[in-house]
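**Student:** Residue numbers (our numbering): 631 to 697. Below is one structure. I have some questions about it.
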Amino acid sequence: MTTKKFTTQEIKYLKIAGLARKHKCSEDYVRRVLKGERERNSELSQKILKDAIDMFDILERETTITV
């Protein structure tokens, strides 16, 4: 599993509340997992991290439309 640690600035782009609601945990837990302050070996933390990476990739990519 990826070991990316999100910066405070990157976390501001993500919808922490949405991740917490989806995974039925607290916003604080999500934030700590993303910052690397919590262990990432549980299934829940790995799911949170995967979703956050996917969300961040979508936000950072260049969107192109072809007609």
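We put the CB at the ideal spot given by N, CA and C, even for glycine. A quick note: this is a predicted structure, and the numbers were derived from the prediction, not measured.
Can you tell me whether residue 697 is helix, strand or coil according to DSSP?
**Tutor:** Three-state result, residue 697: coil.
**Student:** Using a Cβ distance threshold of 8 Å, determine whether the region 636 to 643 contacts the region 670 to 677, with at least three qualifying pairs required.
**Tutor:** With the cut-off at 8 Å, the region 636 to 643 and the region 670 to 677 do not touch.
**Student:** Is it the case that the Cβ atoms of residue 661 and residue 683 are separated by a distance below 8 Å?
**Tutor:** For residue 661 and residue 683, no; Cβs fall outside 8 Å.
**Student:** For residue 664, count the other beta carbons within 10 Å of its own beta carbon; 16 or more makes it buried, fewer makes it exposed. Which is it?
**Tutor:** Its Cβ being crowded by 16 or more others within 10 Å, residue 664 is buried.
**Student:** By how many angstroms is the C-alpha of residue 695 removed from the C-alpha of residue 669?
**Tutor:** One C-alpha to the other measures close to 40 Å.
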